[in-house]
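So the sequence lines, in the order shown, correspond to chains A and B. With full-length UniProt numbering applied, the first sequence covers 1 to 116. With full-length UniProt numbering applied, the second sequence covers 1 to 327. All C-beta atoms in this analysis are idealised placements derived from N, C-alpha and C, irrespective of residue type, glycine included.
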Amino acid sequence: MSHALRTLTTGVLIAQRSVSAQPLLRPVSAVNTRAQQRSRSDGVKGSESQAFDVSLLEFLVCPLSKKPLRYDERSNELINEELGIAYPIIDGIPNMIPQDARMIHKTAATEKPTES
Amino acid sequence: MAVSIRTLALRFFSDSTRNIHNVSGCRIKHLRCRAGITGCRGYSDSTEGRSTHFGFQTVPEGEKAEKVYKVFESVAKKYDVMNDAMSLGIHRLWKDTLLHIMNPQPGLRLLDTAGGTGDISFRFLEYTRSMYDRQQRLRAKSHQTPSWQDITDHYVSDDAGPPRSCAVVCDINKEMLKVGKQRAEKAGITTGLSWVVGNAEELPFDDDQFDIYTIAFGIRNVTHIEQALQEAFRVLKPGGRFMCLEFSKVTNPLLARLYDTYSFQMIPVLGEVIAGDWKSYQYLVESIRKFPDQETFKEMIEDAGFFCVQYFNLTGGIVAIHSGFKL
Numbered sequence: 001m002s003h004a005l006r007t008l009t010t011g012v013l014i015a016q017r018s019v020s021a022q023p024l025l026r027p028v029s030a031v032n033t034r035a036q037q038r039s040r041s042d043g044v045k046g047s048e049s050q051a052f053d054v055s056l057l058e059f060l061v062c063p064l065s066k067k068p069l070r071y072d073e074r075s076n077e078l079i080n081e082e083l084g085i086a087y088p089i090i091d092g093i094p095n096m097i098p099q100d101a102r103m104i105h106k107t108a109a110t111e112k113p114t115e116s
Numbered sequence: 001m002a003v004s005i006r007t008l009a010l011r012f013f014s015d016s017t018r019n020i021h022n023v024s025g026c027r028i029k030h031l032r033c034r035a036g037i038t039g040c041r042g043y044s045d046s047t048e049g050r051s052t053h054f055g056f057q058t059v060p061e062g063e064k065a066e067k068v069y070k071v072f073e074s075v076a077k078k079y080d081v082m083n084d085a086m087s088l089g090i091h092r093l094w095k096d097t098l099l100h101i102m103n104p105q106p107g108l109r110l111l112d113t114a115g116g117t118g119d120i121s122f123r124f125l126e127y128t129r130s131m132y133d134r135q136q137r138l139r140a141k142s143h144q145t146p147s148w149q150d151i152t153d154h155y156v157s158d159d160a161g162p163p164r165s166c167a168v169v170c171d172i173n174k175e176m177l178k179v180g181k182q183r184a185e186k187a188g189i190t191t192g193l194s195w196v197v198g199n200a201e202e203l204p205f206d207d208d209q210f211d212i213y214t215i216a217f218g219i220r221n222v223t224h225i226e227q228a229l230q231e232a233f234r235v236l237k238p239g240g241r242f243m244c245l246e247f248s249k250v251t252n253p254l255l256a257r258l259y260d261t262y263s264f265q266m267i268p269v270l271g272e273v274i275a276g277d278w279k280s281y282q283y284l285v286e287s288i289r290k291f292p293d294q295e296t297f298k299e300m301i302e303d304a305g306f307f308c309v310q311y312f313n314l315t316g317g318i319v320a321i322h323s324g325f326k327l
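See the structure below:
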């Protein structure tokens, strides 16, 4: 009888422990303070939030040719070698609209095609 | 006696529908005066440029995307506030219903097209994580008195960790994604969420990549809906699900009249007061009227190659969720 009661209470405790985990959208205080500390220590906005997520390259392709892209860290662009176009990454968000892409020519430097 | 009442009722209904058409006619004139007549050149299909609808206006196809872009660029900052004001918060219930019908298991990959400020993606991540927690709790409850074999199995399998659900938010508009990204940072969501600027008609994703494709309140803004549906079919894995949440035709005639009155009288006014933008919200209510009804849209989805297409009417048909599978 007491053993059954003990398992019942431990079961309830286990359930409570997992239930008390905060739902995702309410900010966990630890994450918040860490983020605040990071923004306070960096003069500029923390580079982590602006960096491009390279795991996206698994399925991100050129919208025109559907071929994989190469990430160029220096110019912060995604390059399609075949067609010679570069898609810019702004604030860590890649811009995959063909009209906003930059043409890469060996002769002409930066020739931006205007939006249609 | 009954006949006269019926004729009176018929005349009343026809009068009121005529009134609404007059009201919307006045609104169109009003809109044209504000927008300038230069915006609407109606080319017929026989001439060089093909035309499409932008709300009740007719515009060349090439212009529609730009005009839609400008609409959402101007409303981006106040988008969430306006959604709450216009729908009296009911849009949250609609989106929650979409997630319940979707019932995603942990570890799936979602493409949230026209995701804008990320409402669907946030809900997807929260749903899968709470479902994972629930599954863990059930597993723990059934393991109250584990044998030594169970304990070793548990330790071995625990290396994998929770399956990673991830959501990719794709939108044609940078401003909307920027607002969404700020919301994510404020809510403390760090993993499992990616942002991409892309066109729903030309998705920058490889074939057979996503388990679920959603487009919530976005497909009516796309210039070529069939192309967006074909792209959705392409990027979904076999067995993947297409889900579309969109305004649709109201089934009940009385509700339809109330809804029309509310749409054309209240919503642009709210738009002007809260967001300072009458035209964009006028476009919103007009674009809803131009969108095909539930059955027609269901046929369009079937034409793109999806199977088991069905739709669910919410709030009397004001909003409908269409769902199809790539098999």
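Assigned secondary structure, residue i (DSSP; H/G/I helix, E/B strand, else coil)
i                      : result
residue 51 of chain B  : strand
residue 265 of chain B : helix
residue 143 of chain B : coil
residue 173 of chain B : coil
residue 123 of chain B : helix
residue 194 of chain B : strand
residue 163 of chain B : coil
residue 26 of chain A  : Caution is warranted here: a pLDDT of 49 is assigned to residue 26 of chain A, below 50, making its placement in the model unreliable, and the coordinate value is therefore given only provisionally. Note: residue 26 of chain A maps to coil in three-state DSSP.
residue 105 of chain A : coil
residue 90 of chain B  : helix
residue 189 of chain B : coil
residue 309 of chain B : strand
residue 25 of chain B  : Low per-residue confidence applies at residue 25 of chain B: pLDDT is 44, beneath 50, and the placement is therefore not dependable enough to give any value.
residue 73 of chain B  : helix
residue 199 of chain B : strand
For residue i: DSSP bridge partner residues
i                      : result
residue 71 of chain A  : A:78
residue 90 of chain A  : A:93
residue 246 of chain B : B:320
residue 60 of chain B  : B:51
residue 148 of chain B : Beta-bridge pairing links residue 148 of chain B to no other residue.
residue 113 of chain B : B:170 and B:215
residue 54 of chain A  : Answer is none; residue 54 of chain A lacks a bridge partner.
residue 241 of chain B : B:212 and B:325
residue 254 of chain B : DSSP, once it has assigned bridges, lists no residue as partnering residue 254 of chain B.
residue 205 of chain B : A:60
residue 236 of chain B : B:210
residue 314 of chain B : B:319
residue 274 of chain B : Paired residues: none, contrary to the question.
residue 288 of chain B : Partner(s): none; residue 288 of chain B has no beta bridge.
Chain-ordered chain B contacts of residue i [CB-CB under 8 Å]
i                     : result
residue 76 of chain A : In chain order: nothing, as chain B lies at least about 14 Å away.
Per-residue contacts from residue i into chain A (C-beta, under 8 Å)
i                      : result
residue 330 of chain B : Outside the displayed span of chain B (1 to 327) sits residue 330 of chain B, for which this structure offers no information.
residue 172 of chain B : 97
residue 177 of chain B : 93
residue 203 of chain B : 63
residue 195 of chain B : 92 and 93
Cross-chain neighbours of residue i in chain A, by beta carbon under 9 Å
i                      : result
residue 112 of chain B : Within chain A, no residue comes near residue 112 of chain B; the closest Cβ sits about 14 Å away, beyond 9 Å.
residue 312 of chain B : Neighbours of residue 312 of chain B on chain A: none; closest Cβ ~25 Å, over 9 Å.
residue 181 of chain B : 49, 91, 92 and 93
residue 209 of chain B : 58 and 59
residue 80 of chain B  : Neighbours of residue 80 of chain B on chain A: none; closest Cβ ~14 Å, over 9 Å.
residue 150 of chain B : Chain A residues near residue 150 of chain B: none, gap ~15 Å exceeds 9 Å.
Chain-ordered neighbours of residue i on chain A, where CB pairs are closer than 7 Å
i                     : result
residue 70 of chain B : Under the 7 Å cutoff, chain A gives no residues; its nearest Cβ is about 12 Å from residue 70 of chain B.
residue 96 of chain B : Result: empty, since nearest Cβ-Cβ is about 13 Å, beyond 7 Å.
residue 84 of chain B : Result: empty, since nearest Cβ-Cβ is about 16 Å, beyond 7 Å.
Neighbouring residues, chain B, relative to residue i (Cβ below 7 Å)
i                     : result
residue 72 of chain A : Here the premise fails: no neighbours, minimum Cβ distance about 16 Å.
Contact set between residue i and chain B, taken where Cβ atoms lie within less than 9 Å
i                     : result
residue 57 of chain A : Residues of chain B passing the Cβ test: none, with the nearest at roughly 10 Å.
Under 9 Å from the C-beta of residue i: neighbouring residues of chain E
i                     : result
residue 85 of chain A : The structure shown contains no chain E; its protein chains are A and B.
Would you say the stretch 135 to 149 of chain B touches the stretch 262 to 279 of chain B, given that touching needs at least three Cβ pairs under 8 Å?
Taking a cut-off of 8 Å on C-beta distances, the stretch 135 to 149 of chain B does not touch the stretch 262 to 279 of chain B, as fewer than three cross pairs fall below it.
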